[in-house]
Structure formats: structure tokens, C-alpha cells
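Residue numbers (this note's numbering): 402 to 511.
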């Protein structure tokens with residue numbers, strides 16, 4: 402079946418109009434997305450210039466405590482920094498204390 406030249410031209414114009422509508426709506430969506438992104442996100446440059454903002458934090462895992470407790474196990478000195486842990490270990494019987502210190506701090510597994 403052969404279509405007339407006029408009908409083919411009509412289909413071409415309709416397709417062009419459809420493409421223009423789709424592109425227009427996609428441009429509107431892209432503009433809305435950018436606007437939404439600008440409302441919700443803040444650049445680091447702005448944060449650094451407007452107020453003092455520390456971008457990183459240094460954890461204090463391995464800083465020395467004020468008072469450390471030392472335990473002597475098989476001629477090796479085990480230093481415990483945490484006060485609560487040292488108190489709990491010192492309240493245990495000596496055999497149990499040695500087993501726990503050897504296992505967790507010195508690395509003996511048997």
C-alpha cells in the first residue's frame with residue numbers, strides 16, 4: 402500500500418511536533434532537577450568560607466589515658482588503658498585474669 406505525499410508530510414510534521422514536546426518537557430524536568438539539587442546540596446567551598454567547618458575528625462583511639470594499669474603475666478607486662486576494664490580484670494581470680502590477659506592481649510590461643 403502506497404501513501405500519498407501529503408499524508409507522509411503530515412506524519413513527518415506530527416513526529417517533529419511530538420519530538421519538540423518531548424524535548425521541551427525533558428528540559429523542564431532537567432531544570433527542576435537542577436533546582437532541587439541546588440536547594441538541597443551545599444558546596445564545601447561555601448561551608449569553608451562562611452563558617453569554621455572541620456572537614457575531618459581525628460579519633461582518639463590510641464591516645465594515652467591519664468592513668469594506665471599494668472598487669473604482669475608470664476614475665477610480660479600488659480598495659481590496660483581503660484579504667485573500667487582494669488578494675489574488672491583486677492577483681493577476677495588470678496588464674497582467670499592470666500587466662501584472659503594471655504588470650505586477648507598477648508595472643509595465646511591454647
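Think of the CB as a built atom: it goes at the ideal place given N, C-alpha and C, for glycine as much as any other residue.
Between residue 468 and residue 484, the gap from beta carbon to beta carbon is short of 9 Å.
If you draw a straight line from the Cα of residue 432 to the Cα of residue 425, it is about 11 Å long.
Residue pairing by DSSP places residue 472 opposite 479 in a beta bridge. Here residue 422 is exposed. Its C-beta has fewer than 16 other C-beta atoms within 10 Å. By the CB criterion at 9 Å, residue 458 and residue 471 fall outside the cutoff.
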